[in-house]
Amino acid sequence: LAGATINGFGLDASETKRVVDILAMSSTNSAQDFAKLTESFSNAAPAASAIGVSVEKTAAILGILADSAISGSRGGTALKNSFIELEKKGLTLEQALDKIGGSSNALTTAIDLVGKRGGPALLKLTERQDDIAKLTRELEGAGDSVEVAGEKFAGAAAALAAAKLDNLDGDITKLGSAWEGFIL
207 LAGATINGFG LDASETKRVV DILAMSSTNS AQDFAKLTES FSNAAPAASA IGVSVEKTAA
267 ILGILADSAI SGSRGGTALK NSFIELEKKG LTLEQALDKI GGSSNALTTA IDLVGKRGGP
327 ALLKLTERQD DIAKLTRELE GAGDSVEVAG EKFAGAAAAL AAAKLDNLDG DITKLGSAWE
387 GFIL
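Here the numbering used here = 1-based position in the sequence shown + 206.
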């Protein structure tokens with residue numbers, strides 16, 4: 207997923223930790239799991255990158271769509287189509303959301319702007335603009351130090367891994383790893 211996202215956004219391999227932290231935080235702060243993230247990013251990343259939308263903002267938008275029951279390939283395709291149609295019309299996402307928000311018939315305006323596939327998604331994004339901004343800010347800090355159960359971790363991915371190992375299954379995994387290390 208990280209490799210596909212890096213390639214989809216045309217990023218350098220040195221951005222891997224940043225992308226992994228963003229994806230880890232996105233999966234914990236929205237209704238997306240890694241399978242849905244993979245589907246949505248594979249569809250949306252090239253178009254988002256082409257128009258200059260950051261990984262963080264794309265992840266936030268896809269997270270908000272997933273929270274609104276538009277997830278996986280449906281969410282990624284809807285966002286990709288929206289970006290493409292808005293680019294054709296010379297509009298940014300923010301301009302389109304403002305236009306839809308100021309319309310007396312928001313659904314028709316959304317469909318007129320981006321078509322039947324992207325319109326409902328754009329309508330949901332219009333309703334949740336503040337949430338997009340908030341989640342984008344959180345994702346921009348995904349690589350910062352995170353504290354879980356009194357321990358500090360260098361980024362959201364490390365914190366997520368620690369949380370997943372903080373149970374009996376995790377203890378058994380760690381014991382097995384230690385035993386293998388001892389045998390070697």
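Every residue, glycine too, gets a C-beta built ideally from N, C-alpha and C. Computed from a predicted structure; not experimentally measured.
query                                                                                                                                                   : result
Got a sec? Which residues, its chain only, sit under 7 Å from THR222 by beta carbon, not counting five neighbours each side?                            : ALA208, ILE212
Count the other CB atoms within 10 Å of the CB of ALA275; is the residue buried (16 or more) or exposed (fewer)?                                        : exposed
Below 8 Å on the Cβ atoms is my contact criterion, and I expect LEU313 with GLY324 to pass it. Report the Cβ-Cβ distance as a whole number of Å.        : That pair is no contact at about 12 Å.
Here's the rule: buried if 16 or more other CB atoms are within 10 angstroms of the residue's CB, otherwise exposed. What is ALA230?                    : buried
Can you tell me which of the three DSSP states ASN249 falls into?                                                                                       : helix
Within the continuous alpha helix (DSSP H) that includes GLN159, where are the two ends?                                                                : This structure does not reach residue 159, given that the chain is present from 207 up to 390, and the question cannot be answered.
According to the Cβ coordinates, are GLU333 and ASN235 closer than 8 Å?                                                                                 : no
Residues in the same chain with beta-carbon distance under 8 Å from ALA210, minus the five sequence neighbours each way, listed in chain order, please. : THR244, PHE247, SER248, ALA251
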